[in-house]
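In UniProt numbering, the protein residues as written are 1 to 152. Just so it is clear, CB atoms sit at the ideal spot from N, CA and C, and this is done for glycine as well.
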Amino acid sequence: MRNVSVGVAVLVAVAIGAFVWASRNSAGEGLPYRDADVIARGEAIYGAECAACHGANLEGQGDWRVRDADGYLPAPPHDETGHTWHHPDSQLIAITMLGTEQIVGGGYRSNMRGFRDVLSRDEIIAVLAYIKSTWPPEVIDAHDRINADAQG
């Protein structure tokens with residue numbers, strides 16, 4: 001039992017460290033979701049790296065809130081119907097770079113792998129900027145408030 005507690009503590013520490021690292025690496029910058037060049041680049045990268053799971057139109061997979069037979073949640077939508085906009089930029093960057101399992105820890109299972117060995121930080125930011133650029137103004141405003149709260 002002690003080994004399990006130590007293991008969980010280590011996983012939580014790693015997740016917190018990753019989140020803090022990502023926060024420091026995106027603090028104050030915000031996603032450049034109004035920059036047409038960045039959005040175009042992000043859309044192309046999204047099509048090549050993300051659309052297979054998250055949908056060509058950001059729609060996600062069907063029944064994305066219901067675990068499959070193997071215990072995994074399907075890929076969520078990145079449009080306004082999903083929960084992407086509920087997370088600050090720093091957390092979105094960390095999840096994309098490191099993968100959901102590494103961020104959540106505690107034995108959480110996810111098909112969302114990390115892309116830090118595939119995409120640069122700038123490419124990840126471009127993808128996230130593209131995604132944000134598709135949201136309606138009220139969702140962008142809500143996301144901006146979430147970012148402001150996350151930065152204290």
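Check	Outcome
CB-CB under 8 Å to VAL10, same chain, minus the five flanking residues each way: which ones, in chain order?	Residue placement at VAL10 is flagged as unreliable, the pLDDT there being 41, under the threshold of 50; the coordinate-derived value follows with that caveat. There are no such residues.
Using only CA atoms, which one of SER110, ILE39 and GLY60 lies nearest to THR81?	GLY60
With a threshold of 8 Å on Cβ separation, who are the neighbours of residue 157 within its own chain once the five nearest residues in sequence on each side are excluded?	The displayed coordinates of the chain run from 1 to 152. Any statement about residue 157 would go beyond what the structure contains.
Taking C-alpha atoms, which residue in LYS132, PRO137, GLN102 and VAL139 lies nearest to GLY30?	LYS132
Answer with buried or exposed for VAL38, where buried requires no fewer than 16 other C-beta atoms within 10 angstroms of its C-beta.	buried
My understanding is that PRO76 touches HIS87, with C-beta atoms under 8 Å, so please give their C-beta distance in whole angstroms.	Actually they are not in contact, since the Cβ atoms of PRO76 and HIS87 sit about 11 Å apart, beyond 8 Å.
Tell me where the alpha helix (DSSP H) around GLN151 begins and ends.	Note, GLN151: premise wrong, no alpha helix (DSSP H); not H, not E.
Using the Cα positions of ARG121 and MET97, report the straight-line distance between them to the nearest angstrom.	8 Å
According to DSSP, what are the bridge partners of GLY99?	ARG113
Can you check which of these residues, ASP89, ARG65 and GLY107, is closest to ILE146 by C-alpha distance?	ASP89
Within 10 Å of its beta-carbon, does TYR130 have 16 or more other beta-carbons around it, so buried, or fewer, so exposed?	buried
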